[in-house]
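So the structure is just underneath, and the comments pick up after that.
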Amino acid sequence: MNLRTLMMIGTALVAAVMTALFARGWLNSERAAMASNGKPAHYILVAKKNIPAGKFIKRENMRWQGWPKGSLSPAYVVKGKGKMSDFDGAVVRRGLAGGQPLSKAVVVRPGEQGFLSAVLTPGKRAVSIRVNAITGISGFVFPGDRVDLILTHVVRGGTKGASRLVSETALQDIRVIAVDQNTNDQKSKTKATIAKTVTFEVTPKQVEKVSIVTRLGQISLSLRSLASESKESDSTEQQIVMHKKNRAGLTLDTEVSRVLGRSNSRGGGMQVVRGSKVQEQRY
């Protein structure tokens, strides 16, 4: 084999190797381009399912979703820059559809302005009363609990009747939505603090009742069991009917003091008969 033939074979081999390397590089670049086009540029936080306005957001209601770079808004929460935990426990200002991006503008978090109005049930109102260590159950009332309001006051008699001390259930099964300025019901309930005010979620009619009972006498809270039979608060009309039928909602001083009961039974008396009617008069 002469030199010329060897040179031609060598040139052909070099050309083949160069062609193979070029083809390999081209294929790799094409694959990278295809992969970059198929892989999202960013992942943003979106609603996993429909979330109505006024509802709390939980971790299971959110997910990270791929998003094209060209339509990325500065308000969106980008993975790596924002955290899902920042929105856990927040309340939606307006309804979100599944797949819709989350942002600070569409939610309100505990402690922020407007949070209390966001957690109120539509048609309900918020009203507050003052409490102390005794009337507030030593601080063992937290947002999310349900309580009864107990009114203790003096009922004055007529011109000759004696004043009576009465305790009655003014409102039943109302939800606590804030203790002082704390509205978070997700925190641990192991540490009790003495509160000064408690805020409730009530109906407009119940707001009027609370305004009156706070002027009549002392208001105490009675904590209800979480396993209460009545899961929904009774309407004002239902409470009035129950109050008339059940004396358990009204306690007189003579029922808790034997001395008062004995003193009221003393004294003379007489029966006055008028036809078929018999009346007893005491003096």
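If you count by our numbering, then the sequence shown holds residues 1 to 283, one letter each, in order. Ideal Cβ positions, reconstructed from N, Cα and C, are used throughout, including at glycine. It should be emphasised that the depicted structure is a prediction, and the values quoted were computed from it without experimental measurement.
- Restricting attention to Ile9, Leu45, Val210, the CA atom closest to the CA of glutamine 218 is found in Val210.
- When C-beta atoms of the region 67 to 85 are compared with those of the region 125 to 144, fewer than three pairs fall below 8 Å, so the two segments do not count as touching.
- Taking arginine 146 as the centre and dropping the five residues before and after it, the same chain places the C-beta of Asp173, Arg175, Arg224 closer than 6 Å to its C-beta, in chain order.
- For alanine 126, DSSP records a beta bridge to Glu201.
- With a cut-off of 8 Å on Cβ pairs, the region 53 to 64 is in contact with the region 88 to 108, counting three or more such pairs.
- With contacts defined by Cβ atoms closer than 8 Å, leucine 250 and glutamine 206 do not form a contacting pair.
- Between the beta-carbon of threonine 197 and that of arginine 125 there is about 16 Å, and that puts the pair past the 8 Å contact cut.
- Using a 10 angstroms sphere on the CB of threonine 5, the tally of other CB atoms stays under 16, which defines it as exposed.
- Bridge partners of glycine 82 according to DSSP: Lys79.
- Taking C-beta atoms under 8 Å as the contact rule, histidine 42 and valine 91 fail to qualify, at a distance of about 26 Å.
- In the assembly as shown, valine 119 is a buried residue. Its beta-carbon has 16 or more other beta-carbons within 10 Å.
- In the three-state scheme derived from DSSP, where H, G and I count as helix and E and B as strand, serine 117 is classed as helix.
- For valine 155, the CB contacts under 6 Å within the same chain, skipping 5 residues up- and downstream, are Arg164, Val166 in chain order.
- Closest option to alanine 133, judged by alpha-carbon separation, among Glu112, Thr183, Ser222: Ser222.
- Check the Cα spacing between leucine 226 and each of Arg215, Asp148, Ser220: the tightest is with Asp148.
- Residues of the same chain with a CB within less than 7 Å of the CB of glycine 66, apart from the 5 flanking positions on each side, are Pro40, Tyr43 in chain order.
- Secondary structure at valine 207: helix, using DSSP grouped into helix, strand and coil.
- According to DSSP, residue pairing for aspartate 148 in a beta bridge involves Ser222.
- Between alanine 47 and leucine 116, the gap from beta carbon to beta carbon reaches 8 Å or more.
- Only buried fits proline 110, as 16 or more other CB atoms lie within 10 angstroms of its CB.
- A straight line joining the alpha-carbon of threonine 152 with that of threonine 203 spans about 22 Å.
- Rounded to the nearest whole angstrom, the C-alpha separation of valine 179 and glycine 114 is 16 Å.
- According to DSSP, arginine 175 shares a beta bridge with Arg146, Glu201.
- The beta carbon of arginine 215 sits closer than 6 Å to none of the beta carbons in its chain outside the five residues before and after it.
- Here the alpha carbon of valine 127 sits roughly 27 Å from the alpha carbon of phenylalanine 87.
- In this model, glutamate 201 and tyrosine 76 are separated by some 33 Å (Cα to Cα).
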